[in-house]
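Encoded as structure tokens, the structure appears first; notes follow it.
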Amino acid sequence: MDRQNGSMISEFVLLGLSSSWETTIFLMFTFSLLYVGIILGNLFIVFLIITDSHLQSPMYFLLANLSFIDVGLSTTTLPKMILDILSEHNIISFQGCMTQICFIHIMGGVEMVLLIAMAFDRYIAICKPLRYLNIMSPKMCASFVVLGWVVGVVHAMSQFSFVINLPFCGPNKIDSFYCDFPRIIQLACTDGIKFEFIVAANSGFMTMGTFFLLLLSYVFILITVWKHSLGDLSKALVTLSAHITVVVLFFTPCIFLYVWPFPTSPIDKYLFIVDFAITPVLNPVIYTLRNKDMKIAIKRLSKKIYYVKLC
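Sequence positions in the sequence shown follow our numbering and run -17 to 293.
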């Protein structure tokens, strides 16, 4: 035993997604492309928002932070998963497993707060347009980002403080491609029911609370637009469609894993591919191809690059 908590296990075995060679090659190729797309797409959004003076608004400030978090959330799992796909022994150390869990929940907590902030931004823009710049001031936007990191850290550490002291003496196999609190607790050599409920109450309450708060903001927006446009909701639906798409994709796996009672099911690991790979790679597409200002900014950047080449 080389850890202070008295556990005998020093590493875990990740069983991954598939044992078929054909499926393994397909998964490695697919997730490699997705990860490259996540990095390039989201960092391009961050770069575009920082460098284009026409995108210096609260909405795009929050979007840049969301893109940065998407890169971080994917990086906590995808690179190791890609390396493990071709490896016969998918080992992760106890310390590495705990670190991965903490970063997943910190990034997840920050993203939830950012999604709330973006919904609030759209509510103010649509329902209180004359006061938009006063309410969504740079100080308010910065406060949302700081609050997101505080919530993320508190959310992760409040669960980590319980799990880190659990005794792990075997087995050490995790039926997933990443570490997370629900699956780790099931491996503890003690009655983990109370710890399962702590995690479910913490992550489940945060997930459902955020989800219902977002739904409530959409209802307020739609009611306000309906009252002021004689029943025409098309403009509001177009404005909110991208945000609603991201929210549904992000929260569906979280609800299945953290709100449903334990134990976890084998399908959970496949659902979380959506959060770690699908949603982060779709965000750049959703917020660029469906956003007029972003498309114009891309054209301006293309013209600048073209003129630089001519010179």
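For glycine and all other residues, C-beta sits at the position ideal for the given N, C-alpha and C. What you are looking at is a predicted structure, and each value in this text was computed from that prediction instead of being measured.
Practice task
Put L(-4) into one of helix, strand or coil per three-state DSSP.
Solution key: strand
Exercise for the section: Give a yes or no on whether the C-beta atoms belonging to Y240 and T192 are separated by under 7 Å. Expected result: no
Exercise for the section: Using only alpha-carbon positions, find the residue among Y105, S(-8), I166 that is nearest to I205. Expected result: Y105
Practice task
For A124, count neighbouring C-beta atoms within 10 Å of its own C-beta (all shown protein chains included) and say buried if the count is 16 or more, exposed if not.
Solution key: exposed
Practice task
Return yes when at least one heavy atom of the ligand COA lies under 6 Å from the C-beta of T33, else no.
Solution key: With respect to the ligand COA, the structure offers nothing, as it holds no ligand at all.
Handout entry: Per-residue burial, P164 [other beta carbons within 10 Å of its own, 16 or more giving buried]
Key = Burial state of P164 is buried, judged by a 10 Å Cβ sphere holding 16 or more other Cβ atoms.
Practice task
Could you tell me the distance, in whole angstroms, from the CA atom of I67 to the CA atom of E178?
Solution key: 29 Å
Problem - Rounded C-alpha distance that separates K285 from A279 - result: Using only the alpha carbons, I get a separation of about 10 Å.
Exercise for the section: Output the distance between the C-alpha atoms of Q77 and C84, rounded to the nearest integer angstrom. Expected result: Their backbone Cα atoms lie some 11 Å apart in a straight line.
Exercise for the section: Ignore the nearest five residues each way along the sequence and tell me which others in C109's own chain have a CB closer than 6 Å to its CB. Expected result: T206
Problem - At least three beta-carbon pairs within less than 8 Å, the stretch 22 to 33 to the stretch -5 to 5 - result: Cβ pair count under 8 Å is below three, so no.
Handout entry: Residue from G152, L222, Y17 with nearest C-alpha to A107
Key = Of G152, L222, Y17, the residue nearest in Cα terms is L222.
Handout entry: Range covered by the alpha helix (DSSP H) that runs through S14
Key = Taken as a continuous stretch (DSSP letters only), the alpha helix (DSSP H) holding S14 covers 3 to 33.
Practice task
Along the beta strand (DSSP E) that carries I73, what are the first and last residues, could you check?
Solution key: Counting along the chain, the unbroken beta strand (DSSP E) around I73 starts and ends at 73 to 75.
Problem - Three-state class that DSSP yields for K155 in the structure shown - result: strand
Exercise for the section: With a cut-off of 8 Å on the beta carbons, I'd call L377 and P235 a contact; round off their distance for me. Expected result: The structure shown does not extend to residue 377, since the chain is modelled only from -17 through 293, so no value can be given for it.
Problem - Distance, V127 Cα to Y114 Cα - result: So the alpha carbons of these two residues sit roughly 18 Å apart.
Practice task
Determine the closest residue to L231 out of L97, K155, I(-9), with distance taken between C-alpha atoms.
Solution key: L97
Practice task
To the nearest angstrom, report how far apart G152 and F258 are at their CA atoms.
Solution key: Within the model, the alpha-carbon separation for G152 versus F258 is close to 28 Å.
Problem - Whole-angstrom C-beta distance between S56 and P262, which should lie under 8 Å - result: 5 Å
Handout entry: Proximity below 7 Å, CB of L129 to CB of V95
Key = yes
Handout entry: Contact set for T270: own chain, Cβ-Cβ below 6 Å, skip 5 residues either direction
Key = M276
Problem - Nearest-angstrom beta carbon gap, L9 and I156 [assumed within contact, 8 Å] - result: Actually they are not in contact, since the Cβ atoms of I156 and L9 sit about 17 Å apart, beyond 8 Å.
Practice task
Return helix, strand or coil for Q(-14), following the three-state DSSP convention.
Solution key: Because Q(-14) sits at a pLDDT of 47, beneath the cut-off of 50, its placement in the model cannot be relied upon, and the following sentence gives the value as read from the coordinates. Q(-14) falls in the coil class under three-state DSSP.
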